[in-house]
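Written below as structure tokens is the structure these notes are about.
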Amino acid sequence: MKGAEALMCSLLEERVNTIFGYPGGQIINVFDAMYSYQDSIKHILTRHEQGAVHAAQGYARVSGEVGVVVVTSGPGATNVITGLADAMLDSTPLVVIAGQVGSTMLGTDAFQETDVIGISQPITKWSYQIRKASEIPWAVARAFYIAREGRPGPVVLDITKDAQAEMMDFEYKPCTFIRSYQPYPTLNDEAVKKAADLINRAKRPLALVGQGVMLGHAEAELEAFLTKADIPVGCTLLGLSSIPTGCKYNKGMLGMHGNIGPNIKTTECDVLIAIGMRFDDRVTGDLKKYAKQAQIIHLDIDAAEIDKNVKTEVAVIANAKESLPAITALLKKNKHKEWIKSFDEYDQKELEKVIEPEIHPATGAITMGEVVHEISEATKHQAVLVTDVGQNQMMAARYFKFSQTRSMVTSGGLGTMGFALPAAIGAAVGAPERTVCCFAGDGGIQMTIQELGTIMQYKIPVKMIVLNNSFLGMVRQWQELFYKERYSSTPMVNPDFPLVAKAYGIRGRMVSKREDLNAAIADMLSDNDAYLLEVQVEENGMVYPMIPAGTSVEQLILGD
Amino acid sequence: METTLYTITVYTENFVGLLNQITIIFTRRQINIETLTVSKSSIPGIHKFTITAETTEDMVTKVMKQIEKRIDVLKAFFHTDDDIIYQEVALYKIGAEALLENPQVESIVRKYNARILEVNRSFAVLELSGHTEDTQELFERLKEFHVLQFVRTGRIAVTKSTIERLSDFLAEMEARNPENKCVE
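Chains as they are written, first to last, in this note's numbering: chain A, 1 to 560; chain B, 1001 to 1184.
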């Protein structure tokens, strides 16, 4: 068979049933082969390659499967670069297959030729150029193994046009071993014992949970760990939904716009247990002042994360699914009643000064937090939340509640505006039984608004909520606080969003009055199809609390 | 922060593009690579990179872990000069008349134990192996006789330890191979 067909067969061997992509000259053979396999592999044609890669990310994040993207060479490949960088920082498993010019043309500046391997190497877990059809099964098997196993990440396969057309004998062998890559480091018993010891002796232990728990399918193990030792926990942005919002140990979100309690308590705890998180600067703020009083235990599958930002007392390098139960087994049953109770004071303060005024304002324009809160309530906290980047993201992360795992899809590490709409498409395809709520600002939605076309073509029932404040809100917030209210290039003149949706055959509605909000939300959620709800919100809205970049929790601004 | 010259050795699979993957990790951290030598290792199919760079221990540890994180990198180590026996090779091209007409050149060659690789009507080529300071010193001495060309290789090094850590590592990794387990 032809290389292109071998590629399809290889994808089938990896149980791929969905591809997001966009055809072009140097990948045309693959699309031709795809035509014969459309009963088993569905191709979703996005309106831009960036849309394809973000959709694959959304798909991977909710389903836990590898997201697959097929694009052409040159601009097709360079358009997925943002998504690759995003997936690399947020540990999302992707296999991106890009067409490439014929192998004799490589390096000649041929039409639509780019050095895709060279460009993608710093932002992928692995990238490989296939120049012979016979390499296809091997490379695909290896690509899926690398993308999926260990700390997940994006992989690029750059496949020349002649390799797609060349004839070969197909034989597939899944990859189960790479001698230079140990995806699951062996648990060190000594480290486990030391960690358990520290936790057993701790008076004020605090756990910080990142996406590693969900990636390692260790949600139940986390719960057992927290319950046995009675430990309160804060979640990173990407760690949200790994434990239900309502769980008594869950003290909320960490970081710049996180909850006061878990942030303040990083300066009071005696033992800090970081689980599958990487001490991002948006979580720690000034490292010189971060958790200095605490002994730090770091559980992570990636050895390169240990001591990268924060020096640890004990490092347990393994999958959380393995390390958590091993530590739990050595823990004494414990109670930290007073310590856990000590969060209440901060929770109460935040509720009064920040949360209540944001979600239940009596007068004035609708607020972002209010919209998020109402939609979370109306979906009984069962929906998948997809956010864009900026104020909408922070408000959604703060006020949306979660009852099940893998319910939060957001661009955390890279902070990619325009992420939400295509990622929501992927999330809806990856979790068809769930309601997907996509929150974006008026800025971000327009960065990838062409994907309304994808929603129209494939009838993807995404609930889009545009929180329109006619500003690039987060930058505006910084300008107000730190740049003397010089609103440089942040005001935005916007189109009639429901009318844009209408052009794509999507129902929509604009709301600007508080009394209309709940009816509009009910209308959106009762509709079985896609729906765009534009809410005109307070222009001067601010996300609080805020720990300004590079400072510590002591500099927290409440905005009261 | 106190910096030291570290020798970093990296063992990789033989794939195209590995050099780029390794060097970009230094670039991101703004670390200048002083020398770089790449060759086949004693184990077929495995390449060895020897890199020297001036940095802090904290940084070299992070860089090493980030290098090891690359899929096709087998193992990376770092050493200070005390842990290794190391060497560089330098070549010096000088005009034939400088060699023939200046008796001092002969004594310099003797003193430094340099080898003469080639002498012809127009030029002579000297070779010296040693540490950077040694080869640099000879260069300084020859300068007055007008060195036409001077070139120095990157560092190569072997450890003073008696254990071959890469072989141990490979054995350990192979033990994980499910296919090997089937054979047993």
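Beta carbons: idealized from backbone N, C-alpha and C, even for Gly. As the structure is a computational prediction, the values presented were derived from the model and not from experiment.
Item                                                                                                                                                                          : Value
Pull up the CB-CB distance for Glu610 (chain A) and Ile243 (chain A), whole angstroms please, since I reckon it's below 8 Å.                                                  : Outside the shown range of chain A, which is 1 to 560, sits residue 610 (chain A), and nothing can be said about it.
Give a yes or no on whether 8 Å exceeds the smallest Cβ distance from Pro232 (chain A) to chain B.                                                                            : no
Quick check: is any heavy atom of the ligand MN less than 7 Å from the C-beta of Arg61 (chain A)?                                                                             : For the ligand MN, the structure offers nothing, since it holds no ligand at all.
Determine the chain A residues that contact Met1173 (chain B) at a beta-carbon separation under 8 Å, and present them in chain order.                                         : Arg179, Ser180, Gln182
Express the C-alpha separation of Leu89 (chain A) and Gly153 (chain A) in angstroms, rounding to a whole number.                                                              : 8 Å
Kindly indicate if chain C contains any beta-carbon less than 8 Å away from that of Gln121 (chain A).                                                                         : Of the protein chains in this structure, namely A and B, none is chain C.
Taking C-beta pairs closer than 9 Å, name the residues in chain B that Ile159 (chain A) reaches, listed in chain order.                                                       : Residues of chain B passing the Cβ test: none, with the nearest at roughly 15 Å.
Taking the alpha carbon of Ala303 (chain A) as the point to measure from, which residue in A:Val316, A:Ser323, A:Phe471 has its own alpha carbon closest?                     : A:Val316
Verify whether the separation of the beta carbon atoms of Ala1053 (chain B) and Glu1034 (chain B) is less than 8 Å.                                                           : yes
Less than 8 Å between C-beta atoms, sequence neighbours within five positions excluded: which residues of the same chain meet that for Leu1170 (chain B)?                     : Ile1043, Leu1074
Rounded to the nearest angstrom, what separates Glu1184 (chain B) and Glu1174 (chain B) at their Cα positions?                                                                : Because Glu1184 (chain B) sits at a pLDDT of 40, beneath the cut-off of 50, its placement in the model cannot be relied upon, and the point is left open.
Should Ala165 (chain A) be flagged as near chain B, meaning a C-beta pair shorter than 8 Å?                                                                                   : no
Terminal residues of the continuous beta strand (DSSP E) containing Ile317 (chain A)?                                                                                         : 314-317
Just to confirm the assignment, what range does the alpha helix (DSSP H) spanning Cys437 (chain A) have?                                                                      : Looking at the DSSP string, Cys437 (chain A) is not in any alpha helix (DSSP H); the run it does join, the beta strand (DSSP E), is 436-441.
Val101 (chain A) and Gln26 (chain A) look like a contact to me (Cβ under 8 Å); what is the Cβ gap, rounded to whole Å?                                                        : 6 Å
Could you tell me whether the stretch 71-87 of chain A touches the stretch 451-465 of chain A, using the rule of 3 or more Cβ pairs below 8 Å?                                : no
Please check if any C-beta of chain A sits within less than 8 Å of the C-beta of Val1038 (chain B).                                                                           : no
Assuming contact is defined by CB atoms lying nearer than 8 Å, are Val537 (chain A) and Asn494 (chain A) in contact in what I supplied?                                       : no
Candidates A:Lys311, A:Phe170, A:Val466, A:Ile44: which alpha carbon is nearest Lys565 (chain A)'s?                                                                           : The first residue shown for chain A is 1 and the last is 560, placing residue 565 (chain A) beyond what the model contains.
Assuming Gly99 (chain A) and Thr72 (chain A) are in contact, meaning their beta carbons sit under 8 Å apart, how far apart are those beta carbons, in whole angstroms?        : 5 Å
Are the C-beta atoms of Glu1184 (chain B) and some chain A residue less than 8 Å apart?                                                                                       : Below a pLDDT of 50, predicted positions are generally treated as unreliable, and Glu1184 (chain B), at 40, falls in that range; the measurement from the model is reported next regardless. Closer than 8 Å: no.
My parser needs the beta strand (DSSP E) runs of 3 or more residues fully inside the stretch 437-500 of chain A; what are they?                                               : 462-468
Can you tell me whether Asp158 (chain A) is buried or exposed? The criterion is at least 16 other CB atoms within 10 Å of its CB, across all chains shown.                    : buried
Considering just the uninterrupted stretch of the beta strand (DSSP E) at Lys251 (chain A), what are its terminal residues?                                                   : 250-253
Are Leu84 (chain A) and Ser120 (chain A) closer than 8 Å when you measure CB to CB?                                                                                           : yes
Given a cut-off of 8 Å on the beta-carbon distance, is the pair Ile296 (chain A) and Leu272 (chain A) in contact?                                                             : yes
Within a Cβ cutoff of 6 Å, which residues of the same chain sit near Thr236 (chain A), ignoring the five residues on either side of it in sequence?                           : Gly210, Leu254, Met277, Val283
Would Lys132 (chain A) count as contacting chain B if we go by Cβ distances under 8 Å?                                                                                        : no
To test your reading of the DSSP string, which unbroken beta strand (DSSP E) runs of 3 or more residues are found completely within the stretch 339-415 of chain A?           : 384-387
Determine, using beta carbons only, whether Cys9 (chain A) and Phe170 (chain A) come nearer to each other than 8 Å.                                                           : yes
What do you get for Phe31 (chain A), buried or exposed, if any count of 16 or more other CB atoms within 10 angstroms of its CB means buried?                                 : buried
Would you mind stating whether Ser376 (chain A) and Glu1013 (chain B) have Cβ atoms separated by less than 8 Å?                                                               : no
Which residues of the stretch 1067-1090 of chain B have a Cβ closer than 7 Å to any Cβ of chain A? Give them in chain order.                                                  : Lys1069, Ile1071, Asp1072, Val1073, Leu1074
On the premise that Leu11 (chain A) lies in contact with Val68 (chain A), defined as a C-beta separation below 8 Å, what is that separation, rounded to the nearest angstrom? : 7 Å
Could you tell me which residues DSSP pairs with Ser1129 (chain B) in its beta bridges?                                                                                       : B:Val1089
Mind listing, in chain order, the continuous alpha helix (DSSP H) runs of no fewer than 4 residues lying wholly within the stretch 96-127 of chain A?                         : 116-120
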